[in-house]
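*Asks:* Quick one: the structure is below, questions incoming.
Now the structure itself:
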């Protein structure tokens, strides 16, 4: 019986110690869910939402690429995505085209994906770790 009381006391004590963290996490989840519902009602493209975030936080870190040990701000990622968008547009890709994006994970993958969205290209993403023999038709 004393052991059960001890376990309950330990649970209450640990719960109290982590209460601030847990409430902060809960608040973040509720805020995220609320924001997602609002964005769904707006029915805007993800690239437009990204541009809103770029305008609001141009110098905030957006991505940390562990592979290259570089970090990108929202503004830098937007510039890189614009370069990809211009490259694909100059090579004949246009709104409604469908492509498979096969790249290693990294900031360039995200920038290419956003760049393709900006010009209206529909992108199927393939993971860079798929063995090439699995991609043959």
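In full-length UniProt numbering, the protein residues as written are 1 to 137.
Note that CB positions come from ideal geometry on N, CA and C, so glycine has one too.
Computed from a predicted model, the values in this text were never measured in an experiment.
1. Please determine, among 61, 46 and 76, the residue with the shortest C-alpha to C-alpha distance to residue 118.
2. Can you tell me which of 101, 39 and 107 puts its alpha carbon nearest to the alpha carbon of residue 121?
3. Considering only DSSP beta bridges, list what residue 100 is partnered with.
4. Below 8 Å CB to CB, which residues in the same chain sit around residue 51 once its five sequence neighbours on both sides are set aside?
5. Whole angstroms are fine: how far does the CA of residue 99 sit from the CA of residue 113?
6. So, for residue 62: in the same chain, excluding its five sequence neighbours on each side, which residues have a beta-carbon less than 7 Å away from its beta-carbon?
7. Could you please give the first and the last residue of the uninterrupted alpha helix (DSSP H) stretch that includes residue 68?
8. Pull the bridge partners of residue 61 from the DSSP assignment, please.
9. If you draw a straight line from the C-alpha of residue 11 to the C-alpha of residue 28, how long is it?
10. Find out if the Cβ-Cβ distance for the pair residue 115, residue 81 is shorter than 8 Å.
11. What residue range does the alpha helix (DSSP H) around residue 48 cover?
12. Contact check, residue 38 vs residue 49 under 8 Å by CB: the rounded distance?
*Replies:* Taking the structure as given:
1. 46
2. 101
3. 124
4. 78
5. 10 Å
6. 72, 73, 74 and 77
7. Counting along the chain, residue 68 falls outside any alpha helix (DSSP H), and DSSP gives it neither H nor E.
8. 73
9. 24 Å
10. yes
11. 46–56
12. Going by Cβ atoms, the distance from residue 38 to residue 49 rounds to 11 Å, so no, they are not a contact pair.
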